[in-house]
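In my numbering, the protein residues as written are 26 to 269.
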């Protein structure tokens with residue numbers, strides 16, 4: 026973000042009655058972005074089987090969908106897998122994501138003593154090769170950390186867009202001077218990821234994925250993490266029925 030001129034004037038000449046204000050920034054929204062290519066090759070290979078299974082389920086589902094005058098196939102859709110957090114072949118990536126998510130919350134100032142982190146969702150998805158794949162703006166309710174790990178993407182694929190999570194700011198939003206610049210007035214930002222890019226952000230942040238043109242493969246892992254009091258976590262574990 027560029028330095029912001031202070032004091033209520035954008036001119037070099039200070040008007041009569043000018044005072045110099047000090048800027049303080051509170052209630053900020055952190056987004057962590059890093060490159061983690063060490064998991065890319067293995068994660069891509071392991072998720073191939075999940076995508077193939079999801080593709081079959083999607084085709085079976087489309088057979089029961091209403092028929093249109095023209096066959097559009099999987100246009101606008103995406104293949105979603107089941108949870109993969111317990112897959113031993115992804116153990117290193119899962120541990121990495123969990124540890125970085127803990128550090129993210131700790132760095133943000135939260136007291137995690139007597140709390141533990143739990144994956145609620147960890148799945149892979151791939152947008153349709155016919156194009157049109159996208160996600161409307163949404164949040165994952167009752168989560169503390171959300172994030173993405175990108176497997177297949179390029180400058181010609183979809184990308185994540187983050188929106189201002191403050192409803193009060195949205196209700197009173199003014200037009201910005203320059204929408205090409207990220208400033209305190211911006212209400213959304215986007216990232217163009219590379220294969221191996223990981224993004225971690227608070228679970229309350231609304232996000233979406235731009236419409237994919239279907240020119241190149243777009244695949245990524247999406248994860249959500251919930252923080253639970255250790256006492257509650259242990260109580261729940263002890264109350265679970267034994268498996269037969």
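Virtual Cβ for every residue (Gly too), placed ideally from N, Cα, C.
- Residue 59 sits in a strand when the DSSP states are folded into three classes.
- By the Cβ rule, the region 172-189 counts as touching the region 211-229, because three or more pairs are nearer than 8 Å.
- Spatial neighbours of residue 233 in its own chain (CB-CB distance under 8 Å, excluding positions within 5 residues in sequence) are listed in chain order as 159, 160, 161, 162, 163, 185, 186 and 188.
- Residues 71 of the same chain have their beta carbon placed closer than 7 Å to that of residue 112, with the five preceding and five following residues left out of the count.
- Rounded to whole angstroms, residue 99 and residue 62 show a C-alpha spacing of 30 Å.
- Residue 249 counts as buried, since at least 16 other C-beta atoms from the protein chains shown sit within 10 angstroms of its C-beta.
- Residue 240 sits exposed, since fewer than 16 C-beta atoms from the chains shown fall within 10 Å of its C-beta.
- Here residue 106 has 72, 75, 76, 78, 79, 148, 149 and 150 as same chain residues with Cβ atoms under 8 Å from its own Cβ, once five neighbours each way along the sequence are excluded.
- Residue 253 is not a Cβ neighbour of residue 157, given a cutoff of 8 Å.
- Cβ contact annotation for residue 227 (same chain, cutoff 6 Å, sequence separation greater than five): none.
- Here the alpha carbons of residue 173 and residue 225 stand approximately 7 Å from one another.
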